[in-house]
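Using full-length UniProt numbering, you'd call the opening residue of the sequence shown number 1 and step up by one each time.
Built from N, CA and C at the ideal position, the CB exists for glycine as well.
I have placed the structure first, in the form of structure tokens, so that the comments after it can refer back to it.
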Amino acid sequence: MLRREASALLAYVAEHPRIAPNRIAGMIFRTRVARRYRTLVTVENHDQLVAALRTVVAGTEHPLVVRNSEPATARRHGFVFPGQGGQRPGMGRLFYDAFPSFRAEVERCADLFAKQFGRSPLSYLLDDQLPPNDSATVVQPALFTQMAGLAALWRTVGVIPRAVVGHSQGEIAGAYVSGVMSLDDAVTVVGTRAGIADKFPADDYAMAVIATDRDTCEELLARNSGWAELSVVNSPSMVGISGQRETVHQIVEHLTGDGVFARVIPVRYPAHTSMIASIGAQIRHALTENLHAGEFTVSEIDCIGATLGTAISPEMPVDQYWFWNLRNAVRFDRAVATAAAAHVDTFVELAEHPTLQLALRENLAALGSERTARVVSTSHRNATDLAEFTANLAKIAVHDLDYNWDALRAEAPDRVSLPLRDFPNVQNNDIPLWLSYRAGTSGVAVPKQPAVTPEAERRVDTSNDSRAYPRLLREAWTKVTRRSMMPPRSYAFIDGTGDAGALVEALRDNAPNFGSSARIVTGTNESGIGDADTVVIVLPSPALLDDREAAEAVARFFGNRTWWPGLSSTVTGCWLVTVGGEQAVADDRPAHPVHAAIAAGFRCMGTEHPGIAFRHLDLTPDIAGPDKADNILAALQSAGESELALRADGMYAKRVIDIDQDGDESSRAVAPDHVVITGGTGKLGQEFCEHYARMGTRQITLISRSGETDAVTGRLDAIRRSTGAKVRALPCDVTDTAAVTALADQLRDTPADLIIHAAVDYSDTPLAEVTADKFQDALRAKVIGISNVLDTVPRTDSCRVMLCSSLAATIGGKGQLMYAAGNRMLDVLASTRRASGLDCTSIQWGQWTVHLDLGDTGIAKLAAAGYTRCARRCARRRHGPPPRQHPCRRVRSDSSPRHAGRLRVWAATFGARGQQRARGARRDHPAGPGGT
Numbered sequence: 001m002l003r004r005e006a007s008a009l010l011a012y013v014a015e016h017p018r019i020a021p022n023r024i025a026g027m028i029f030r031t032r033v034a035r036r037y038r039t040l041v042t043v044e045n046h047d048q049l050v051a052a053l054r055t056v057v058a059g060t061e062h063p064l065v066v067r068n069s070e071p072a073t074a075r076r077h078g079f080v081f082p083g084q085g086g087q088r089p090g091m092g093r094l095f096y097d098a099f100p101s102f103r104a105e106v107e108r109c110a111d112l113f114a115k116q117f118g119r120s121p122l123s124y125l126l127d128d129q130l131p132p133n134d135s136a137t138v139v140q141p142a143l144f145t146q147m148a149g150l151a152a153l154w155r156t157v158g159v160i161p162r163a164v165v166g167h168s169q170g171e172i173a174g175a176y177v178s179g180v181m182s183l184d185d186a187v188t189v190v191g192t193r194a195g196i197a198d199k200f201p202a203d204d205y206a207m208a209v210i211a212t213d214r215d216t217c218e219e220l221l222a223r224n225s226g227w228a229e230l231s232v233v234n235s236p237s238m239v240g241i242s243g244q245r246e247t248v249h250q251i252v253e254h255l256t257g258d259g260v261f262a263r264v265i266p267v268r269y270p271a272h273t274s275m276i277a278s279i280g281a282q283i284r285h286a287l288t289e290n291l292h293a294g295e296f297t298v299s300e301i302d303c304i305g306a307t308l309g310t311a312i313s314p315e316m317p318v319d320q321y322w323f324w325n326l327r328n329a330v331r332f333d334r335a336v337a338t339a340a341a342a343h344v345d346t347f348v349e350l351a352e353h354p355t356l357q358l359a360l361r362e363n364l365a366a367l368g369s370e371r372t373a374r375v376v377s378t379s380h381r382n383a384t385d386l387a388e389f390t391a392n393l394a395k396i397a398v399h400d401l402d403y404n405w406d407a408l409r410a411e412a413p414d415r416v417s418l419p420l421r422d423f424p425n426v427q428n429n430d431i432p433l434w435l436s437y438r439a440g441t442s443g444v445a446v447p448k449q450p451a452v453t454p455e456a457e458r459r460v461d462t463s464n465d466s467r468a469y470p471r472l473l474r475e476a477w478t479k480v481t482r483r484s485m486m487p488p489r490s491y492a493f494i495d496g497t498g499d500a501g502a503l504v505e506a507l508r509d510n511a512p513n514f515g516s517s518a519r520i521v522t523g524t525n526e527s528g529i530g531d532a533d534t535v536v537i538v539l540p541s542p543a544l545l546d547d548r549e550a551a552e553a554v555a556r557f558f559g560n561r562t563w564w565p566g567l568s569s570t571v572t573g574c575w576l577v578t579v580g581g582e583q584a585v586a587d588d589r590p591a592h593p594v595h596a597a598i599a600a601g602f603r604c605m606g607t608e609h610p611g612i613a614f615r616h617l618d619l620t621p622d623i624a625g626p627d628k629a630d631n632i633l634a635a636l637q638s639a640g641e642s643e644l645a646l647r648a649d650g651m652y653a654k655r656v657i658d659i660d661q662d663g664d665e666s667s668r669a670v671a672p673d674h675v676v677i678t679g680g681t682g683k684l685g686q687e688f689c690e691h692y693a694r695m696g697t698r699q700i701t702l703i704s705r706s707g708e709t710d711a712v713t714g715r716l717d718a719i720r721r722s723t724g725a726k727v728r729a730l731p732c733d734v735t736d737t738a739a740v741t742a743l744a745d746q747l748r749d750t751p752a753d754l755i756i757h758a759a760v761d762y763s764d765t766p767l768a769e770v771t772a773d774k775f776q777d778a779l780r781a782k783v784i785g786i787s788n789v790l791d792t793v794p795r796t797d798s799c800r801v802m803l804c805s806s807l808a809a810t811i812g813g814k815g816q817l818m819y820a821a822g823n824r825m826l827d828v829l830a831s832t833r834r835a836s837g838l839d840c841t842s843i844q845w846g847q848w849t850v851h852l853d854l855g856d857t858g859i860a861k862l863a864a865a866g867y868t869r870c871a872r873r874c875a876r877r878r879h880g881p882p883p884r885q886h887p888c889r890r891v892r893s894d895s896s897p898r899h900a901g902r903l904r905v906w907a908a909t910f911g912a913r914g915q916q917r918a919r920g921a922r923r924d925h926p927a928g929p930g931g932t
């Protein structure tokens with residue numbers, strides 16, 4: 001099929017010789033998806049493109065064509081940082097001139113070296129006319145800066161590491177790139193150690209690499225009267241020695257004479273030997289005095305070092321570790337084994353010229369991974385252009401199933417060129433999906449379809465979508481063990497309340513550690529965003545508030561909007577960072593109502609900005625400080641997930657999953673003696689009233705502002721006559737504390753066994769029309785009112801409480817900002833009350849058919865969001881008292897093939913039995929799309 005595609009493209013290119021290759025590439029990106037079998041041609045002009053396509057059609061080789069022979073698979077990339085020995089003056093010039101990302105990173109590193117140690121490595125990196133200088137204070141800062149720049153370059157072109165592997169001094173650069181150390185501290189380690197190491201006499205010591213195994217090397221050392229030690233184990237047949245200069249040269253000459261590869265490398269001190277112990281105290285003291293962080297940072301990217309052959313962890317002492325790194329024998333073989341065990345299968349060496357390729361391949365072969373793992377270099381010291389780098393990048397792209405092809409686009413992301421006319425269609429393999437017709441009996445029995453009984457017809461109302469099935473779901477948080485990372489971003493950070501300044505400044509200052517740029521935006525003018533592509537609104541740790549104060553805080557936040565500058569045309573993503581806004585793990589406290597409500601409202605804002613991904617990151621208070629800025633930035637560069645929670649033990653993503661509906665119902669069979677329903681004379685309240693009356697409840701109290709009016713008397717009388725239940729409709733404004741106290745006095749002798757909060761205040765208001773007063777009005781009955789009721793109305797010891805929330809609190813919706821935020825506060829209220837001992841559950845319902853007062857426009861908006869109306873008889877048959885186990889938010893959805901993966905709602909239930917699960921339904925739904 002690849003050849004057919006190439007043939008069609010070749011014909012088009014031949015007929016349109018004036019169309020540049022980049023326009024052809026743009027149309028391929030626009031009209032094709034990357035398949036598992038891939039061919040990449042790296043051309044600059046029409047003639048090269050024609051020649052390359054001809055070789056693809058013919059199936060022959062061409063230097064500008066890279067293809068995979070096996071299907072692309074998901075890959076885990078590891079950056080490999082070599083040690084000292086392969087450096088030369090001018091080694092960074094090619095990348096510095098060609099790549100802004102490389103240039104910006106090396107200049108940032110160079111500025112820090114100049115600031116801390118009075119010497120910039122830029123001249124060594126860029127001037128190939130400098131005389132060789134192998135002193136550690138010259139070479140090691142230059143190597144560190146080069147590797148940091150190459151890491152930024154690879155990230156820019158879409159290669160994101162899942163781990164780094166450091167060799168000797170290269171491990172310091174790996175620690176910075178992985179995020180376990182800040183750039184400032186990494187520069188301190190490099191410069192401090194180099195200065196101390198250079199105090200050794202320059203002519204007394206040497207280092208060499210030898211192509212032999214460890215046993216043979218140790219035997220050679222044992223038979224030599226001079227001093228040298230085994231200092232490096234690169235692979236089973238590649239080791240290194242360090243020691244007295246004369247001894248090292250003798251061994252190298254002896255091996256070379258025997259035809260064994262051996263070479264002295266330019267290191268002028270006894271690295272990785274016991275001699276380093278003499279400067280150990282000096283190194284540790286200097287690092288203790290000058291490092292900002294006394295421990296390594298937790299990072300999503302494993303930093304695997306050859307110092308110990310394992311990953312760096314926070315409990316390792318920083319000052320001692322970098323002394324070990326200089327003293328211990330380099331165990332690169334163990335480091336590669338650790339990376340392979342962590343499923344790293346693409347090793348990218350960050351060096352101007354490959355130095356560890358042979359060792360990598362030999363180690364992988366010894367581990368049995370040589371067939372699945374790939375080893376890629378960056379360039380070659382003789383390269384005069386980017387052809388070598390481009391070819392290496394192409395090798396990664398064609399083998400990585402998840403490679404981000406957008407990283408290769410030459411056009412600006414906001415520039416859209418017109419499509420090319422008569423461009424060839426996508427080539428496909430035509431496969432018949434049915435058997436040919438044959439007369440007679442096929443021998444295959446057709447299963448008999450069960451008859452549809454009236455009871456089955458009543459099971460669900462399929463008037464809107466015949467493929468919709470009732471579902472009972474809950475919210476859950478799953479730990480993210482693997483995640484995709486976005487390329488470096490251009491951030492605009494906003495202090496959401498004016499109280500998060502320290503964290504916002506730390507995020508801005510640390511963003512370059514991830515190759516990103518950042519600015520802080522103040523005011524409400526979108527021009528302050530500049531050319532940023534990602535806006536991040538940061539909230540500080542919230543204060544402890546009661547329900548009324550929390551409602552006022554949420555209303556002020558959305559009503560005043562001093563934090564919202566609008567979004568410029570360059571923005572593709574918008575984050576909200578909250579603290580304690582989600583209850584993601586067992587150790588979390590109930591969510592804070594303010595941050596939870598703001599997150600729900602923020603989700604709705606995304607519907608007003610199509611094409612921009614609105615995403616939410618929740619922190620715990622101990623992670624919300626400036627010292628955790630790197631952890632937060634690493635989370636903000638995550639791709640794909642729209643709801644994330646960063647916790648001490650890692651990252652969690654929100655999911656919506658099925659609940660087992662086959663639980664015990666014995667506790668639900670007994671009708672409560674007295675049911676109190678707020679919003680009781682509303683349409684939903686009357687549904688609950690009739691249900692419990694028919695269930696056998698003898699006393700039902702309906703609470704509403706109006707009490708019993710002519711509009712509801714007819715139905716209430718019918719309920720009274722048909723069931724014999726005592727139904728009272730009492731007027732009471734639940735937001736009025738005095739009125740609720742008077743109501744409580746009336747119910748003193750008949751405490752409630754079940755309280756249902758069915759007050760509904762649906763609103764359809766875009767952000768621009770939201771005011772603090774409107775928001776306060778929306779939250780009074782929904783949140784403050786039920787809080788008054790629960791604080792005042794008498795209850796039995798076994799009383800259960802059910803709060804009617806909405807699925808809008810989880811998935812949002814256009815114009816539902818106030819509605820979603822209010823319902824999310826209701827969910828949090830339930831969690832908080834439950835934590836204090838009250839049997840209280842919040843249920844997120846979908847759309848009821850009784851709410852036909854939404855109008856055609858409102859119904860259409862809900863349908864566009866995926867809501868399917870729940871038939872009254874369907875929902876009424878299935879709801880009962882709230883379950884004693886906490887089900888979180890409960891909803892129903894369908895999983896019809898046309899909407900696979902898209903949440904569609906009927907209504908929540910309380911876990912009634914007998915509901916048939918949809919065949920082939922998904923068991924795990926994302927909490928929401930990454931964009932809107």
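query                                                                                                                                                                          : result
What did DSSP end up calling His674 once you bin it into helix, strand or coil?                                                                                                : strand
Grab me the residues of Ala152's own chain with a C-beta within less than 8 Å of its C-beta, minus the 5 sequence neighbours each way, in chain order.                         : Ser101, Phe102, Ala104, Glu105, Pro488 and Gly515
The alpha helix (DSSP H) that contains Ala262, what's its start and end?                                                                                                       : Ala262 -> not in any alpha helix (DSSP H); beta strand (DSSP E) instead, spanning Ala262 to Ile265.
Check the C-beta distance from Gly174 over to Thr137 and give it rounded, since I have them as a contact under 8 Å.                                                            : Going by Cβ atoms, the distance from Gly174 to Thr137 rounds to 21 Å, so no, they are not a contact pair.
Please confirm if the stretch 760-767 is in contact with the stretch 533-552, defined as three or more CB-CB distances below 8 Å between the two stretches.                    : no
Going by alpha carbons, who is nearest to Asp499 out of Ser541, Val180, Ala518 and Val41?                                                                                      : Ser541
Cβ atoms of Leu633 and Arg615: under 9 Å apart, would you say?                                                                                                                 : no
In three-state terms, what does DSSP make of Ile160?                                                                                                                           : coil
What's the C-alpha gap between Ser377 and Pro314?                                                                                                                              : 30 Å
If I follow the unbroken beta strand (DSSP E) through His343, where does it start and stop?                                                                                    : Here His343 belongs to no beta strand (DSSP E), and DSSP marks it neither H nor E.
Applying the criterion that 16 or more other CB atoms from any shown protein chain within 10 Å of the CB defines a buried residue, is Arg327 buried or exposed?                : buried
May I have the straight-line CA-CA distance separating Ile703 from Val828, to the nearest angstrom?                                                                            : 23 Å
Classify Val33 as buried or exposed, calling it buried when 16 or more other Cβ atoms lie within 10 Å of its own Cβ.                                                           : exposed
Taking the alpha-carbon of Trp324 as reference, which of His343, Gly530, Ile279 and Asp736 has the nearest alpha-carbon?                                                       : Ile279
Does the distance from the CB of Phe332 to the CB of Val66 come in under 9 Å?                                                                                                  : no
Identify every residue that forms a DSSP beta bridge with Gly78.                                                                                                               : Ala163 and Phe347
Check whether chain D comes within 9 Å of Ala286, counting only Cβ atoms and requiring the distance to be less than that.                                                      : Going by chain labels, chain D is absent from the structure shown, which holds only one protein chain.
With the cut-off set at 9 Å, would you say Phe558 and Thr497 are in Cβ contact?                                                                                                : no
In whole angstroms, give me the CA-to-CA distance for Leu754 and Cys799.                                                                                                       : 5 Å
Checking the sheet assignment: what are the DSSP bridge partners for Met825?                                                                                                   : According to DSSP, which records beta bridges pairwise, Met825 is partnered with nothing at all.
Which residues in the same chain as residue 1012 place their Cβ atom closer than 7 Å to its Cβ, once the five residues preceding and following it in sequence are excluded?    : This structure cannot settle anything about residue 1012, because the visible part of the chain is limited to 1 through 932.
Between which two residues does the alpha helix (DSSP H) containing Leu94 stretch?                                                                                             : Arg93 to Ala98
Threshold first: 4 residues or longer. Then list the alpha helix (DSSP H) segments lying entirely within the stretch 168-193, N to C.                                          : 170-178
Who are the near neighbours of Thr522 in its chain, counting only those whose CB is closer than 6 Å to its CB and skipping five residues on each side?                         : none
Give me, in chain order, the residues of the same chain whose beta-carbon lies closer than 6 Å to that of Phe200; leave out the 5 immediate sequence neighbours on both sides. : Tyr269
Using only CA atoms, which one of Val80, Val734 and Arg519 lies nearest to Ser178?                                                                                             : Val80
Would DSSP call Ala8 helix, strand or coil?                                                                                                                                    : helix
Helix, strand or coil for Arg30, going by three-state DSSP, please let me know.                                                                                                : helix
Per DSSP, Gln844 is paired with what?                                                                                                                                          : Ser805
How is Asp400 classed by DSSP in three states: helix, strand or coil?                                                                                                          : strand
Would you call Val426 buried or exposed, if buried means 16 or more other Cβ atoms sit within 10 Å of its Cβ?                                                                  : exposed
Tell whether a beta-carbon distance below 9 Å holds between Lys782 and Gly812.                                                                                                 : no
Three or more C-beta pairs closer than 8 Å, one from the stretch 49-56 and one from the stretch 91-100: is that the case here?                                                 : no
What separation, rounded to the nearest whole angstrom, lies between the Cα atoms of Arg795 and Val594?                                                                        : 28 Å
Taking only the alpha-carbon atoms, compute the straight-line gap between Ala25 and Thr841 and give it to the nearest angstrom.                                                : 55 Å
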